[in-house]
Ligand code: NAD
Ligand code: UDP
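In my numbering, the protein residues as written are 15 to 352.
Right, dumping it as structure tokens:
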């Protein structure tokens, strides 16, 4: 099938491009390069030996989207990655987040309908589970968010659910990602955050490379085995393969499904630090500091629905995640140099 990847030059989009091309599909990416570089898709072509065209444009702009549908022939399905994703920034600039993350979906849905494209996979997030205490998190648990970013995902889920109910042709899969880390094993594509990273693994990579002098571990008094926060880290290549399975599922099923993409395992901040040190033969200086406001103690997924509907499960372990993250950072200390 031919798949449009909005936000396809980004971290998850570029890895999904590789997985789709390797599975024999065609892709075209639309990205405004706000948080990415065209180099990512050049490297996707280098890894796969296949074409990964990029249209530089904005998903909130109907003209830009129509151009893709006009130029690239019939598009069978879309994966909608495009969005702003920094939780802290969304608290400072809520309007930018609501505008970009919602308008892009409205415009995309309109243009898809104009061109007879009916299948959509959406990048949602485990953040929509809010402060649920019961683990593992199952897709039918109550939702609610703690940041404008989270609410944009929650609202998108609602919009897409309502549209799927109103249009019997529409096929929607809402993927709730847990914590994607790692990089393609070639070390050619990976996560390239601007400025000081907010997320744990990119921060650790910059400490390991000497760019930052130590890691702050946010809290050691959580009700977890070692007191530090527990998350469900998933290798980005497993996540990418989950998208291929979700697209293939969507093509054959009208309506809407919500599916978690995680490993179902929780690891603490110190588990990550120690595994990273062991696998890569490095020392990571760290200090315990106060909890980060808004953080939950524990968050991990129930993966039974993904296995049942998509016949997909994550295959790569924490060692591979830590090795591949560092392999990317080590060979690309300036990221893509954007
Ligand atoms: P990313 O920032 O690397 O990729 C998003 C891409 O979208 C970027 O290349 C950016 O330039 C582009 N973009 C943003 N607004 C756009 C617009 N209006 N038009 C065109 N392009 C636009 O982020 P990522 O980590 O690859 O995340 C992809 C998606 O998955 C996002 O929607 C994000 O919210 C969601 N998600 C990410 C994580 C995570 O931890 N990385 C977790 C859960 C959900
Ligand atoms: N974390 C940390 N130091 C950092 C960044 C994150 O201790 O510099 C912790 C954070 O408190 C959480 C875990 O690492 O327990 C994962 O945080 P991240 O921001 O990567 O993901 P999220 O909180 O969105 O799940």
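Virtual Cβ for every residue (Gly too), placed ideally from N, Cα, C.
For residue i, which option in the options has the closest C-alpha, if you only look at C-alpha atoms?
i: residue 103; options: 229, 210, 72, 87; result: 210
i: residue 159; options: 280, 225, 139; result: 139
i: residue 313; options: 327, 177, 277; result: 277
i: residue 31; options: 332, 94, 46; result: 94
i: residue 207; options: 49, 20, 44, 33; result: 49
i: residue 87; options: 323, 231, 337, 15; result: 15
i: residue 244; options: 225, 334, 285; result: 285
i: residue 238; options: 149, 326, 268, 156; result: 149
i: residue 192; options: 320, 24, 129, 270; result: 320
Excluding the 5 residues preceding and the 5 following residue i in the sequence, name in chain order all residues of the same chain whose CB lies nearer than 7 Å to its CB.
i: residue 310; result: 145
i: residue 4; result: Here the chain covers residues 15 to 352 and nothing more, so residue 4 does not appear.
i: residue 283; result: 214, 231, 242, 243
i: residue 71; result: 44, 46, 78, 81
i: residue 234; result: 241, 242, 302
When you compare the CB positions of residue i and residue j, do they come within less than 8 Å of one another, or not?
i: residue 100; j: residue 170; result: no
i: residue 251; j: residue 196; result: yes
i: residue 332; j: residue 221; result: no
i: residue 328; j: residue 248; result: yes
i: residue 260; j: residue 273; result: yes
i: residue 279; j: residue 246; result: yes
i: residue 200; j: residue 41; result: no
i: residue 17; j: residue 34; result: yes
i: residue 67; j: residue 23; result: no
i: residue 26; j: residue 137; result: yes
i: residue 317; j: residue 300; result: no
Who are the near neighbours of residue i in its chain, counting only those whose CB is closer than 6 Å to its CB and skipping five residues on each side?
i: residue 37; result: 258
i: residue 133; result: 91, 185, 264, 265
i: residue 28; result: 54, 58, 203
i: residue 64; result: 35
i: residue 349; result: 206
Exposed or buried, which one is residue i when buried takes at least 16 other CB atoms within 10 Å?
i: residue 114; result: buried
i: residue 347; result: exposed
i: residue 292; result: exposed
i: residue 343; result: buried
i: residue 109; result: exposed
Taking 8 Å as the limit between beta carbons, can you name the residues of its chain near residue i, skipping five residues before and five after?
i: residue 121; result: 73, 74, 75, 76, 79
i: residue 141; result: 101, 159, 160, 161, 163, 164, 167
i: residue 306; result: 232, 233
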